[in-house]
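In numbering that gives the first Met the number 0, the protein residues as written are 0 to 197.
What follows is a set of notes on a single structure, which appears directly below.
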Amino acid sequence: MPLTQPYWFSDLEAWWSPAAGEDVARHVEPVGIDGNQRLHVRCSSPAWRTQTRLMGAALTERVNEVLAPRMKITGIVVQAVSGAVPRIVRDRWPDIMGEDLAGQVEPVMLGLQGQELCTVAVSAAARDEAVRRAPEILARIRALIGEQCAITRWSPSSLLPVVALVTGSASVTERRASRTFCCRPDTTPSRRSAPSTP
């Protein structure tokens, strides 16, 4: 189903931010309205997709309050695909971010209709250092992409989730329990073996 953007749609500060709130607006981007008057959005992470689905009815109501009388949407459709980070930015990320931080903070998507770079960090310290470097990082991205670069903002990084397995089963030995599954954004989980015992 094709999506349309009415004349007022692109002014997100006037309708989306007041309806969704600053935190949601930073991670959830409206992309258009379908023929059934449903608002389609894309999110910065799977967690935000889930959160947006859960608050769909309340968010629909708030959007309608802000948009009245221009339009009334019938619901919100959460798209699975987010705005892609340009390949050149991904390929040159260590040069853009700095070798010391590139493995700890990764680009995830573009939000705010391609104007905001969203990242994920392995720790709060890495996130805070990336925020401190944001002006330099944005300048490097603009220099790399050139005049057509639309990226003008940096979204503070989300933190990678931590997953812990807790078991009370006697059949799980210390060696088996020390094996973990690790995954990073945009990769398939990989198995990391436990250290060998003497």
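Cβ coordinates follow ideal geometry from the N, Cα and C atoms, glycine included.
Per-residue DSSP class, three states only, for residue i
i: Ile-95; result: helix
i: Val-84; result: coil
i: Pro-45; result: helix
i: Arg-152; result: strand
i: Ile-36; result: In the sequence as presented, Ile is not what sits at residue 36; that position holds Gln. Gln-36: coil per DSSP, three-state reduction.
i: Gln-208; result: Residue numbering for the chain in the displayed model covers 0 to 197; residue 208 lies beyond these limits and cannot be assessed.
i: Leu-158; result: strand
i: Leu-109; result: strand
Where the beta strand (DSSP E) through residue i begins and ends
i: Glu-115; result: 115-120
i: Ile-140; result: Premise fails: Ile-140 lies in the alpha helix (DSSP H), 123-144, not in any beta strand (DSSP E).
i: Gly-102; result: Gly-102 -> no beta strand (DSSP E), and no H or E assigned at all.
i: Ile-75; result: 74-78
Proximity winner among the options, relative to residue i (alpha-carbon distances)
i: Thr-118; options: Arg-89, Ile-144 and Gly-145; result: Arg-89
Alpha-carbon spacing of residue i relative to residue j, whole angstroms
i: Ala-176; j: Gly-55; result: With a pLDDT of only 47 at Ala-176, under the threshold of 50, the placement of this residue in the model should not be trusted, and no figure is reported.
i: Gln-103; j: Met-70; result: 43 Å
i: Arg-152; j: Leu-116; result: 6 Å
i: Ala-199; j: Gln-4; result: Since the first and last residues shown for the chain are 0 and 197, residue 199 lies out of range.
Where the alpha helix (DSSP H) through residue i begins and ends
i: Pro-17; result: 11-19
| query | Does the segment 24-36 come close enough to the segment 63-76 to have 3 or more Cβ pairs within less than 8 Å? | reply | yes
| Okay, do the segment 95-109 and the segment 53-66 touch, 3+ Cβ pairs below 8 Å being the bar? | Segments in contact, no.
| Is it a yes or a no for the segment 14-21 touching the segment 142-152, going by three-plus beta-carbon pairs under 8 Å? | no
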